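Quick notes on the structure that follows.
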Amino acid sequence: MSDQSLTIHEGGIAFSGMTAELSESQQFQELLLFNEIAALSGQNLDILEMLEQVLRRIVTFLGVDAGMLLLWDPKTGHLSHAASAGFPEEYLSHINEAHLAEVVGPHLINATSPLIIFDAATDHRLATSTFLELIRETSFCSLVSIPLRHQRQLIGFLNLGHTSAAPFFPERKNFFAILGNQIGMAIQNARLCQDLRISERRYRRIFEGSKDMILVVAPGGGLLDINPAGIAMLGLASKSQALETVNLQDCFYPWRDWERFRQLLKVHGSVQDFEATLLKGDGGAIQVLLSGAARNNQAGHLVSLDIIAKDITERKRNEQELLQEKKTTEGILEGLPVPAFVINRQHRIIYWNKACEELTGYSRQQMIDSKKQWLPFYTQERPTLADLVVDQNIKALEKYYNKQKLHKSIHFPGAYEASIQFPQPAGGDRYLFLVASPIFNDRGQIIGAVQAMLDFTERERLAHNLMESEEKYRLLVEASLDGIALHTRNQVMFANSAFLNMFGYSCPEELTGVPLLSFISPIHHPPLLRHLREINRQFNRPRIFEIKGMKKDGSEFDIEVVSFPTIFGGQRAFQTHIRDITEKKRLEDQLARSEKLAAVGQLSAGVAHEINNPLGGILVYSYLMLEDLAPDRPERQQVEKIIREATRCKEIIKGLLDFSRQQPFRLKPVDLNSMLAELLSLVENHLNFQDVGIKKNLAPELPPVLGDKNKLEQVFINLFMNASHAMAGHGVLTVATGQNVLGAVEIRVSDNGPGIHPEHLHRIFDPFFSTKEVGRGVGLGLSISYGIIKQHRGRIYVDSTAPGGATFVIELPATRPETPQSVR
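With my numbering applied, the sequence shown corresponds to residues 1411 to 2234, in that order.
Next up, the structure:
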């Protein structure tokens, strides 16, 4: 409304017989009216029926000729007629046909004070009110439009009309404002009650329609409620019989299981998949899987137990039969002198007999339930004959076993035979004849395979001395991934290829006459020399050092060094092994950060939950105090300050909870170009971006990524806002997309602000680390973004942080559109 203040027209209006102060009787009547409105919202009434009764009571109380309730729908932006009394039918038909929200303008959403019009024929404010111009053609002289609000949210309007100005004297303006709040609160309460009734009906349908037994049980075992499936499961005639005669404790066999189940509920609050046997009313028994939760009152005392029971009698019977068959089969296989193992359809070992243990040296405990059937026979993972027979993969059979006398077995359908040669751990080779046969179920489907092995070679043990052969020794050294150097205290005499590559040299001649200390950071020279002297005199045993190495170009990197004395070229020397642990260090730092994030997340969640409830109480009571304080009271500013600070704390706690939660992501193919374009168009209207230029370098035909769009939007919005803060609202934000050499989708967000100080780089993703002023950030944005990108199997890092700005890079795996999936 353009003018919410009370205006009296030039002709003046006389309010004879009215006083500035309301009498105690009038105040009492107003309180009764407010109580009646509140009581109507708590009754089991439809919302429209409740509104009709509220409107009739207000019209009668004020003694006005007409009243109307209009409801505001924030989703559609419509203001619609909900209840009326006393208005002409012609006016009501125009109200229902008109788009009232478009006529009166969007500023009505912010209306907070009643609008009182004493002369409808001449007052210009009628054009920006919730009344139509048609009202001027009626007999109503004075009008009132009262906004209905609840917790700062617009609910609708109460319009009143009368042929004179008598009911609308100025002193009633505060009363109208309170009345609007009371009606708004009543409407919200009625909506909540209606939602609750719908929820209760939905729960009852689930309760009645479930195929599992659902029980509500008293602490002593008596039934408080049971669904039809439970009545049938327990062999009872009716629900009344169950509630009157059955005590769940008496149904448990043995009864001690009831005590165990109830104790678990009392201690843990809930129980999942508790197996038990229940006695039926007809004398039979069923086996069930119980899940339950304890319900306590406010004093913490147990009130009832909510229990769901799934009938697993048939499943247990089938399991028992399968177990008996398995024992019989295992007994046959165990008695065979032939090594044999059995795998299931998923290629997991389900049996490994004693003869197989003796042949391979791998125990049953090591192999059962694993997929390591290849391990005793091959140096790297590859399918065994049984694996390929399970899949009936003929092409793979020919690929792996065609040179090993592969042929179909004439004894078993679907079986194959082959011969293999594999090395022994102690030396020499062993030759085996293999037979792998599929195992069928009663429907003729393959559910596994058995592989038997016959040893047709004599065991031979050969001793190998690799140190006797210089060539073999050199091959070992050259094949090593660690850098190996033979040296005296003064110079390097030999270095392998890994050593040359590690320190940036191209050929061994470059190392001639170079001392080993040239490859070590100077700060580590004294302890390394001291250690070499000690091991040379056999004062100390070799041990591993973590020190800094120095490359040919002078750059330093992390290495592990171990040295021990040896003989080379007929003279005493040292053999030093050097391992580049740069990647190891990076992974350790990443692991430490992940553990720290997890620990802080758990701590944050606990602290936030403990603080959230009392903080909510502070806000509620502060708002109540604010409503009771007059605008001119000095205490009002202090209460408003309490509300601002408490609201800020709520925002911090929300950040903590977002940081600690691990919610499942709904992963779908996401077009990053479209999403970034939408986000940039959104933020460019933000106050912080008024003087910030935006450059978009979005690669065409960028493949989609599999991700949760809402979570990814949260990450990019956080990066954009951080960039605007870094540039203090003046600069250029550049967003570029593309694919890197590995095919991953790469997004680069750059600003031309002051950049990130080098000493802050290793902490920017730590929780609660922030360089912003106190009160402008809590340091959770980048921590939450880091966790989101990691859960998308991507990575986020700072690529550059020169004085000319910072560039954040996000890499996400590209994907083709697939079926949406969830990930945690």
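Positions of the beta carbon are idealized from the N, C-alpha and C atoms, including for glycine. From a predicted model like this one, the values you see are computed outputs, not experimental measurements.
Out of the options, which one is the CA nearest neighbour of residue i?
{"i": "residue 2096", "options": "2131, 2115, 2083", "result": "2131"}
{"i": "residue 1787", "options": "1800, 1771, 1799", "result": "1771"}
{"i": "residue 2160", "options": "2154, 2169, 2107", "result": "2107"}
{"i": "residue 1437", "options": "1492, 1563, 1582, 2224", "result": "1582"}
{"i": "residue 1780", "options": "1760, 1750, 1789, 1766", "result": "1760"}
{"i": "residue 2235", "options": "2157, 2197, 2163", "result": "Given that the chain is displayed from residue 1411 to residue 2234, the structure contains no residue 2235 and the question cannot be resolved."}
{"i": "residue 1467", "options": "1935, 1488, 1589", "result": "1589"}
{"i": "residue 2079", "options": "1961, 2222, 2047", "result": "2222"}
{"i": "residue 1992", "options": "1455, 1960, 1985, 1986", "result": "1960"}
{"i": "residue 2121", "options": "1624, 1663, 1523, 2200", "result": "2200"}
{"i": "residue 1789", "options": "1655, 1831, 1817", "result": "1831"}
{"i": "residue 1710", "options": "1679, 2153, 1698, 1641", "result": "1679"}
{"i": "residue 1952", "options": "1939, 1962, 1958", "result": "1939"}
{"i": "residue 1653", "options": "1665, 1664, 1663, 1640", "result": "1640"}
{"i": "residue 1448", "options": "1591, 1892, 1526", "result": "1591"}
{"i": "residue 1946", "options": "1982, 1957, 1962", "result": "1982"}
Between residue i and residue j, how many whole angstroms is the CB-CB distance? I'm expecting something under 8 Å.
{"i": "residue 1863", "j": "residue 1743", "result": "With a Cβ gap of about 13 Å, residue 1863 and residue 1743 do not count as contacting."}
{"i": "residue 1560", "j": "residue 1598", "result": "5 Å"}
{"i": "residue 1702", "j": "residue 1722", "result": "Actually they are not in contact, since the Cβ atoms of residue 1702 and residue 1722 sit about 16 Å apart, beyond 8 Å."}
{"i": "residue 1552", "j": "residue 1572", "result": "5 Å"}
{"i": "residue 1705", "j": "residue 1714", "result": "5 Å"}
{"i": "residue 1848", "j": "residue 1800", "result": "7 Å"}
{"i": "residue 1906", "j": "residue 1890", "result": "6 Å"}
{"i": "residue 1978", "j": "residue 1903", "result": "6 Å"}
{"i": "residue 2083", "j": "residue 2139", "result": "Contact flag wrong, Cβ pair sits at about 26 Å."}
{"i": "residue 2113", "j": "residue 2224", "result": "4 Å"}
{"i": "residue 2218", "j": "residue 2193", "result": "Residue 2218 to residue 2193, Cβ: 14 Å. No contact."}
{"i": "residue 1692", "j": "residue 1645", "result": "4 Å"}
{"i": "residue 1988", "j": "residue 1909", "result": "7 Å"}
{"i": "residue 1984", "j": "residue 1942", "result": "6 Å"}
{"i": "residue 1935", "j": "residue 1927", "result": "5 Å"}
Quick one: using the 10 Å Cβ neighbour count with 16 as the cut-off for buried, is residue i buried or exposed?
{"i": "residue 1826", "result": "buried"}
{"i": "residue 2134", "result": "buried"}
{"i": "residue 1677", "result": "exposed"}
{"i": "residue 1451", "result": "buried"}
{"i": "residue 1477", "result": "buried"}
{"i": "residue 1813", "result": "exposed"}
{"i": "residue 1569", "result": "buried"}
{"i": "residue 1483", "result": "exposed"}
{"i": "residue 2197", "result": "buried"}
{"i": "residue 1486", "result": "exposed"}
{"i": "residue 1695", "result": "exposed"}
{"i": "residue 1502", "result": "exposed"}
{"i": "residue 2162", "result": "buried"}
{"i": "residue 1857", "result": "exposed"}
{"i": "residue 1648", "result": "exposed"}
{"i": "residue 1672", "result": "buried"}
{"i": "residue 1986", "result": "buried"}
{"i": "residue 2125", "result": "buried"}
Who are residue i's beta bridge partners in DSSP?
{"i": "residue 1681", "result": "1702"}
{"i": "residue 2194", "result": "Answer is none; residue 2194 lacks a bridge partner."}
{"i": "residue 1960", "result": "1966"}
{"i": "residue 1858", "result": "1754, 1849"}
{"i": "residue 2107", "result": "2146"}
{"i": "residue 1439", "result": "According to DSSP, which records beta bridges pairwise, residue 1439 is partnered with nothing at all."}
{"i": "residue 1826", "result": "1818, 1846"}
{"i": "residue 1839", "result": "1833"}
{"i": "residue 1761", "result": "1752"}
Of all the CB atoms in chain C, is at least one closer than 8 Å to the CB of residue i?
{"i": "residue 1792", "result": "Checking the listed chains, one finds no chain C in this structure; it contains a single protein chain."}
Please confirm whether any heavy atom of the ligand ZN lies closer than 7 Å to the CB of residue i.
{"i": "residue 1497", "result": "Ligands are entirely absent from the displayed structure, and the ligand ZN is therefore not among its contents."}
* Count the C-beta pairs between the stretch 1967-1985 and the stretch 1891-1898 that are closer than 8 Å, then say yes if the count reaches three, no if not. => yes
* With a cut-off of 8 Å, do at least 3 Cβ pairs link the stretch 1839-1850 to the stretch 1790-1805? -> Result yes; three or more Cβ-Cβ pairs closer than 8 Å.
* To do: Indicate whether the contact test is met: 3 or more Cβ pairs, each with one atom in the stretch 2114-2133 and one in the stretch 2198-2208, closer than 8 Å.
  => Touching, per the Cβ criterion.
* Asked: Just checking, does the stretch 1948-1968 make contact with the stretch 1927-1938 on the three C-beta pairs under 8 Å criterion?
  -> yes
* Asked: Between the stretch 1624-1636 and the stretch 1653-1662, do three or more beta carbon pairs fall short of 8 Å?
  -> yes
* Does the pairing of the stretch 1459-1479 with the stretch 1564-1580 give three or more beta-carbon distances under 8 Å? -> yes
* **Touching by the beta-carbon criterion (3+ pairs, under 8 Å), the stretch 1517-1532 and the stretch 1540-1551** => yes
* Asked: Using 8 Å as the Cβ pair cut-off and three pairs as the minimum, do the stretch 1916-1925 and the stretch 1990-2000 touch?
  -> no
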